[in-house]
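Protein chains in written order, with the numbering used here: chain B, 275 to 515; chain A, 275 to 515; chain R, 275 to 515; chain U, 275 to 515. Glycine included, every Cβ here is placed at the ideal spot set by N, Cα and C. The structure presented is a predicted model; accordingly, all values stated were derived computationally and were not measured.
Given below as structure tokens:
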């Protein structure tokens with residue numbers, strides 16, 4: 275049983291009729307819905323203004339999805355820090371689309387996480403450049419999404435541990451769009467598709483990638499001790515025979 | 275001309291006669307002294323309680339050395355953030371020994387940066403496992419330091435871009451001890467040797483490594499714009515012919 | 275069901291009474307024996323002079339272990355090339371100890387794979403520097419082996435995709451001793467312990483690492499087409515809408 | 275003084291009027307010509323059928339460019355092996371365009387080096403995703419080439435040490451097109467642009483990249499000993515005090 279929590283700022287869905295038509299119950303609900311088809315996952319949700327992440331839920335979460343955009347700055351610094359710490363202790367973290375600029379992701383990366391972007395109505399083609407990675411399992415050499423916002427390089431992230439996907443945009447841009455990072459005991463996956471005005475989280479390939487990602491970032495164990503500064507009790511004990 | 279600033283918390287040297295005997299004018303002065311033998315470097319120093327880093331000096335610095343230990347928490351958060359931002363814009367950053375736990379380094383890494391440690395009077399052997407890296411230039415397959423504190427794995431850092439040195443300790447530990455990281459436009463080098471009670475910064479091999487590191491982390495240019503979120507002026511312009 | 279084949283040159287066991295005492299039926303048999311305790315594995319063996327790898331067995335193998343030492347040059351070039359190709363198509367490959375100099379491993383790495391070595395009767399301590407990697411599952415921060423040959427840096431390999439273990443030797447050496455590499459569709463794990471005169475393959479930690487490695491290098495699929503040069507049938511077809 | 279040798283199979287230029295118009299004296303001469311404008315480089319050329327690489331020239335070469343396509347199989351295995359060995363000893367190697375399938379490059383990579391391709395008359399846009407790398411010095415966020423063959427993913431190479439450029443093609447493909455690899459003491463750069471029917475090696479950005487690459491892959495020293503298997507003269511000597 276993997277305990278998954280899907281966090282969403284849940285702002286656009288209230289403000290925009292157009293977004294609400296695509297995601298009537300919020301992006302988090304759409305993601306939770308397809309994840310729930312897997313009986314091995316216990317899926318819960320949290321949103322910024324309604325039931326924001328409590329310590330209790332965070333500390334009972336194995337894998338945290340994060341979708342945020344306009345309200346990054348409304349996320350309390352203290353919460354961002356707690357999320358970072360739980361990742362370092364082992365929680366998996368999946369940052370979606372505009373979460374590249376979210377507080378927890380930026381804290382974990384240490385960089386600006388800036389990128390180029392442009393509102394667009396264009397398709398994109400997502401190339402699978404690491405087909406042996408578990409996150410790419412069942413994904414063809416590439417797949418396409420009908421419409422998405424353009425996100426492109428230069429994407430200011432640390433060198434990914436594994437670069438799995440690169441997105442091609444018809445306007446001339448491209449982006450390292452599926453990236454993994456280990457931080458402490460935690461595993462992180464960033465995935466670029468997912469603009470709020472398009473039904474991207476209903477796409478079968480996107481769902482397959484996210485299922486794979488849940489299983490890949492899920493920890494074997496979340497251990498608050500494992501990365502603590504272990505000081506051998508006495509110098510003598512530390513020595514070998 | 276590379277503008278180097280050596281920052282030191284400069285606390286142990288005031289509190290401990292033993293440390294003062296080794297570094298009568300502070301660790302920063304010892305480092306600055308050997309760096310000054312290179313006419314291509316403009317070397318300045320700053321310390322926590324006397325002449326802490328001003329905006330003016332930070333913004334005129336190409337490469338920043340950082341030595342801190344007991345007083346990490348006394349470094350203002352605002353200063354740590356300014357250092358992080360300047361690194362992202364291109365400033366080179368060299369974190370020495372106990373600076374693994376300094377605020378700027380931790381912000382840049384995103385991890386706890388914890389490690390195992392033990393006070394010791396033992397020698398260490400530093401293996402050069404990437405001899406073609408510019409930072410290893412002129413360094414043999416290994417070199418030894420007579421006495422140093424023991425710093426060992428598990429060192430909770432992101433996977434280094436290049437792992438150049440691994441330190442062997444006689445007590446049975448080892449550590450990834452010379453590591454590079456690119457973050458934004460900035461280059462970072464962490465180097466483990468350098469306990470305050472031993473004359474490590476007078477060691478010829480250590481000095482050679484640090485000279486090499488200055489030249490490797492030094493930026494071609496420090497450009498506050500280069501990683502900013504560049505939004506093409508109009509969608510049309512972004513398209514190719 | 276994962277089909278595992280354990281290849282061994284099986285030379286020392288015939289030539290040396292000392293080796294025969296440790297591995298009376300050969301190193302391959304000792305490895306096969308503990309692997310067979312896992313019902314999910316179909317384990318077979320092959321040796322250089324008796325039942326060397328046939329095309330039939332190689333093409334029915336998902337994961338190939340390789341132990342060789344004195345007789346590397348007796349392995350036919352043609353066989354080494356077939357092993358390389360099967361790895362590129364997806365077969366997992368686990369190179370043990372002196373197999374660092376085996377023909378298939380060198381072909382896959384492209385480097386000399388040289389290292390420093392010394393016959394020794396000393397213990398070694400194997401540090402786990404990537405505890406979240408599946409191959410390190412269940413392994414403590416370090417474990418020890420009573421006696422092994424000394425293998426140390428400089429180990430002339432490409433930068434490992436993941437560096438999981440580093441071995442500490444009491445004589446002052448260390449070595450990147452547990453390394454993964456993706457090549458084509460295949461996954462490769464090199465593991466340093468395993469001198470023929472010591473009962474290392476009966477060690478519980480070594481067995482745990484090798485079990486983990488089997489599951490990690492095992493392919494989802496072995497597809498001779500997936501890395502072939504795919505030329506779209508016509509330029510028109512290749513274009514997007 | 276860096277001793278650069280430009281090797282070209284020099285076949286298309288003889289067979290095709292169209293190619294000859296672009297490169298009347300061969301691709302190697304075009305490359306040599308612009309390199310010669312740098313007085314710090316000693317530039318020589320070699321071609322498959324006329325003055326193929328002698329041992330003397332190879333052993334006097336610091337940086338070797340390689341352009342080959344139709345005649346990969348005509349390169350003697352022995353020569354390919356000598357090139358590989360010299361790279362492992364420190365020679366820099368720059369593989370251009372269709373040299374992805376050349377014998378020396380494949381030996382150094384250990385993979386098939388296959389990719390997707392299509393003859394095309396289209397432009398390409400080369401994105402600079404590692405602007406702090408010395409090979410990207412002076413290169414903007416992207417540059418364009420008017421016409422080139424399409425080379426795209428999946429490009430079957432080991433994970434590059436640094437991924438510097440990714441090429442965008444208007445037909446929907448992309449490719450990791452500027453990649454570095456360390457192998458032994460040698461540094462390698464693969465660069466994708468350079469089809470024989472287009473004047474790509476006269477392009478100012480391409481020339482800048484190749485100049486940068488020469489300086490980056492150039493060795494400090496070429497030392498046949500440095501990666502040899504160093505066996506301490508006696509076990510005693512190897513031990514520390």
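| Asked | Found |
| --- | --- |
| Residue 398 of chain R (DSSP reduced to helix, strand or coil) | strand |
| Cross-strand partners of residue 218 of chain U (DSSP beta bridge) | Residue 218 of chain U falls outside the range modelled here, since chain U spans only 275 to 515, and no answer is possible. |
| Residue 414 of chain A, enclosing beta strand (DSSP E) - first and last residue | Element bounds for residue 414 of chain A: n/a, residue is neither H nor E. |
| Whole-angstrom distance between residue 450 of chain R and residue 427 of chain R, CA atom to CA atom | 7 Å |
| Neighbouring residues, chain B, relative to residue 405 of chain U (Cβ below 9 Å) | 428 |
| Under 8 Å by beta carbon: chain R residues contacting residue 456 of chain U | 432, 433 |
| DSSP-derived helix/strand/coil call for residue 476 of chain U | helix |
| Cβ neighbour criterion (16 or more within 10 Å) applied to residue 402 of chain U | buried |
| Assumed close pair residue 437 of chain B, residue 387 of chain B - CB separation to whole angstroms, cut-off 8 Å | About 16 Å; that fails the 8 Å criterion. |
| CB contact below 9 Å: residue 423 of chain U versus chain E | Here chain E cannot be found, since the structure's protein chains are B, A, R and U. |
| Nearest-angstrom Cα separation, counted from residue 443 of chain R out to residue 421 of chain R | 10 Å |
| Near-chain A residues of the region 367-396 of chain B (beta-carbon distance less than 8 Å), N- to C-terminal order | 381, 382, 383, 384, 385, 386, 388, 389, 390, 391, 392, 393, 394 |
| Residue 232 of chain A burial status per 10 Å Cβ neighbour count (16 or more: buried) | The requested residue 232 of chain A is not part of the displayed model; chain A covers only 275 to 515. |
| When U/312, U/348, U/315, U/276 are compared against residue 285 of chain U, the one with the closest alpha-carbon | U/348 |
| Close beta carbons around residue 565 of chain U, own chain, < 6 Å, minus the five adjacent residues each side | The structure shown does not extend to residue 565 of chain U, since chain U is modelled only from 275 through 515, so no value can be given for it. |
| Residues that DSSP places opposite residue 436 of chain A in a beta bridge | A/454 |
| Touch test, the region 345-365 of chain A against the region 450-461 of chain A, Cβ-Cβ under 8 Å, three pairs minimum | yes |
| 9 Å Cβ cutoff, residue 440 of chain B in contact with chain U | yes |
| Buried or exposed (CB count within 10 angstroms, at least 16 for buried), residue 383 of chain R | buried |
| Residue 415 of chain U: contacting residues in chain B (beta-carbon distance under 9 Å) | 390, 427, 428 |
| Residue nearest to residue 477 of chain U in terms of C-alpha spacing, selected from U/342, U/305, U/294, U/409 | U/305 |
| Under the three-state DSSP convention, the category residue 497 of chain A falls into | coil |
| Through-space distance from residue 406 of chain U to residue 457 of chain A, alpha-carbon basis | 10 Å |
| Residues that residue 494 of chain A contacts on chain U, provided the C-beta gap is smaller than 7 Å | 411 |
| Contact set between the region 455-480 of chain A and chain U, restricted to residues whose Cβ is under 9 Å from the partner | 456, 458, 459, 460, 461 |
| Simplified DSSP state of residue 486 of chain U, which is helix, strand or coil | helix |
| Reduced DSSP category for residue 422 of chain B - H, G, I as helix; E, B as strand; rest coil | strand |
| Span of the alpha helix (DSSP H) around residue 332 of chain A | 329-332 |
| Neighbour flag for residue 436 of chain B against chain R, beta carbons, 9 Å | yes |
| Beta-carbon proximity list for residue 309 of chain U, same chain, < 8 Å, skipping 5 on both sides | 278, 280, 315, 317, 484, 485, 488 |
| Chain A contact for residue 355 of chain B (CB, 9 Å cutoff) | no |
| Neighbour flag for residue 448 of chain R against chain A, beta carbons, 9 Å | yes |
| Contact under 9 Å by Cβ, residue 452 of chain B with residue 400 of chain B | yes |
| Contacting residues, own chain, Cβ-Cβ under 8 Å from residue 508 of chain A (five flanking each side not counted) | Below a pLDDT of 50, predicted positions are generally treated as unreliable, and residue 508 of chain A, at 40, falls in that range; no measurement from the model is reported. |
| Proximity of residue 302 of chain R and residue 294 of chain R at Cβ, strictly below 9 Å | no |
| Residue environment, residue 319 of chain R, which counts as buried when at least 16 other CB atoms sit within 10 Å | buried |
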